[in-house]
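**Student:** Shown below is the structure under consideration.
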Amino acid sequence: MSNNIIKFLIILFVVSLKLNYAQGIENEKNEKRIFNFDDPNKRNQVSFESKAPLEDIFGFTNEISGKLEVNLTDLKTLRGEFTAKASTLKTGIELRDQHLREEGWLDAGKYPEIKLKIKEITKVEKLADRKFRVFAKADFSLKGATKTIDVQSEVNYLPESQTTKSRFPGNLLTVRAEFKVKLSDFGIKQQIIGQKVAEEVLVKTNLVGSDKL
Amino acid sequence: MKKIKIILLSIALLSSILIFIVWANHGYNYFTKDKAYIEFLDPITNLPYFEWKDETSIGLIDFVLPALFIESIILLVIYFIIKKRRIKNVE
C-alpha cells in the first residue's frame, strides 16, 4: 500500500516537473543565443494606433534596433532590449509628425530614443513546434520616464533554410508583440487627449532577428 | 441692393466662423487627409509590413472647406470694394 502511494507521489512529481518545466523548443542546443534585430534593409517595424472619439491615428517607424538573448530550450530565459528613434515616427501627415516630435508630445530632440527592455517572462504557451505565446514584464521608456508594462507576444523560431536565407543569413526569430502605453504615465498631458488622441495607445511590433547578423 | 449686401456679408462671416470651428475641433483630418498605407504579409516570416502609399486620396470635405474659406474671403473683399467705391461716389 505504502509502495503504491510512493509510486503515485513519484509520478505526480514527474508530471508536475514536466508541466512546470521549461517551455521551449525540443532538440535545440541548451545554450544562450543572441539574435540581432538591426535589420540593414529596415524591414523591422513598430507601429502604434490611437483610437479616439474624434480621430484615429496610425503610425509606424522602421528605425528599430535591438538584441534578444535566449536559450531556445527555455523561453523563460528570454531577455533583451529594443530601441526606436522617436523622430522617425510617421503618421501620414507631415504637420502631425512635426507636432508629435515637439516638446509637449514626445520631445524627440531631448529624448531621441524610445526603449523596451524585457525584464521577466511571466508565462510561455506553446502554439506550435517552434511558435510560442510569451507574456512578459518589460520596462518601457518614453520621454525620459520609465514604467513597467505587460507585453504579450508571439515568438516564432525559423531555422535557417533556403527560404529564410532570402531574408537574412542564420536562424531567425520573429517577435510580434503588443502592449498598451498610457500617455499620462510618461508625462504627456494635452487637452486633446481623450478627444483626438487616445489616453492609451496600442503599440505593436513586427520584428525579425537573426543569430548571424 | 442693401439687403443683398447684408446677406452676402452674413454668408461670408458665417462661413468663416464655421470653417474656424471645424478647423479648431477637427484639426488635421478635415484639411489634410491622412496618407494611405498598404499592409503586406511577409511570406517568409508571416509578419505584417506597412508601407505608405505614394498618392493621397482626397475626400469631398477637403474641397468643400477650403472652397468655402476662399469664397468667404472673396465675398468680404467684394463687399469692402463696393463700400469704398460708394463712399468715393458720395464724396
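Those sequence lines, one after another, are chains G and D. Per this note's numbering, the first sequence starts with residue 5, numbered consecutively. Per this note's numbering, the second sequence starts with residue 2, numbered consecutively. By construction, the Cβ of each residue, glycine as well, lies at the ideal position given by its N, Cα and C atoms. Source: prediction; values computed, not measured.
Quick check on the DSSP output: the beta strand (DSSP E) that includes Q2 (chain G) runs from which residue to which?
**Tutor:** Absent from the model: residue 2 (chain G). The displayed extent of chain G is 5 to 217, so no value can be given.
**Student:** Quick check on S170 (chain G) - is its C-beta less than 9 Å from some C-beta in chain D?
**Tutor:** Along the first sequence, read from residue 1 onward, the residue named residue 170 (chain G) stands at position 166. Yes, contact with chain D.
**Student:** Tell me the DSSP secondary structure of N210 (chain G) in three-state form.
**Tutor:** Counting from one through the first sequence, the residue named residue 210 (chain G) turns up at place 206. Strand at N210 (chain G).
**Student:** If you measure from the beta carbon of I97 (chain G) to each beta carbon in chain D, is any gap under 9 Å?
**Tutor:** Position 93 of the first sequence, counted from the first residue, corresponds to residue 97 (chain G). Judged by the 9 Å Cβ criterion, I97 (chain G) is in contact with chain D.
**Student:** In three-state DSSP terms, what is K36 (chain D)?
**Tutor:** Along the second sequence, read from residue 1 onward, the residue named residue 36 (chain D) stands at position 35. The answer is coil: DSSP assigns K36 (chain D) none of H, G, I, E or B.
**Student:** How about I45 (chain D): is its C-beta nearer than 9 Å to some C-beta of chain B?
**Tutor:** The structure shown has no chain B; the protein chains it does contain are G and D.
**Student:** How about the stretch 83–90 of chain G and the stretch 111–122 of chain G: do they share at least three Cβ pairs that are nearer than 8 Å?
**Tutor:** Yes: the two stretches touch, three or more of their Cβ pairs being nearer than 8 Å.
**Student:** Would you report the Cα separation of N210 (chain G) and L48 (chain D), rounded to the nearest angstrom?
**Tutor:** Sequence index remark: in the first sequence, residue 210 (chain G) carries index 206 (1-based). Sequence index remark: in the second sequence, residue 48 (chain D) carries index 47 (1-based). In a straight line, the C-alpha of N210 (chain G) is about 6 Å away from that of L48 (chain D).
**Student:** Name the chain G residues that come within less than 7 Å of L48 (chain D), Cβ to Cβ?
**Tutor:** On the second sequence, position 47 is the one that residue 48 (chain D) refers to. Correct list: T178, R180, N210, V212.
**Student:** With 9 Å as the threshold, decide whether the Cβ of N175 (chain G) is near any Cβ in chain D.
**Tutor:** Residue mapping note: residue 175 (chain G) aligns to position 171 of the first sequence, counting from 1. No, N175 (chain G) lies away from the interface with chain D (no Cβ there is under 9 Å from its Cβ).
**Student:** Enumerate, from N- to C-terminal direction, the unbroken beta strand (DSSP E) stretches of 3 or more residues contained entirely within the stretch 49–75 of chain G.
**Tutor:** Entirely contained in the stretch 49–75 of chain G, the beta strand (DSSP E) runs reaching 3 residues are, in chain order, 49–55, 60–65, 68–75.
**Student:** For F190 (chain G), which of G:V128, G:W109, G:G198 has the nearest alpha-carbon?
**Tutor:** Indexing the first sequence from 1 puts residue 190 (chain G) at position 186. Ranking the options by Cα distance to F190 (chain G), first place goes to G:W109.
**Student:** So, is the C-beta of F51 (chain D) closer than 9 Å to a C-beta in chain G?
**Tutor:** Here residue 51 (chain D) is taken as the residue at index 50 of the second sequence, counted from 1. Taking Cβ atoms only, chain G reaches closer than 9 Å to F51 (chain D), which makes this a yes.
**Student:** Looking at K71 (chain G) and Q38 (chain G), is the spacing between their C-beta atoms short of 9 Å?
**Tutor:** By one-based count along the first sequence, residue 38 (chain G) stands at place 34. By one-based count along the first sequence, residue 71 (chain G) stands at place 67. The question names Gln, but residue 38 (chain G) in the sequence shown is Ile. It is a contact, given that the beta carbons lie within the stated cut-off.
**Student:** Comparing C-alpha positions only, which one of D:I82, D:K3, D:T46 sits nearest to T178 (chain G)?
**Tutor:** The count along the first sequence starts at 1 and reaches residue 178 (chain G) at position 174. Cα-wise, what sits closest to T178 (chain G) is D:T46.
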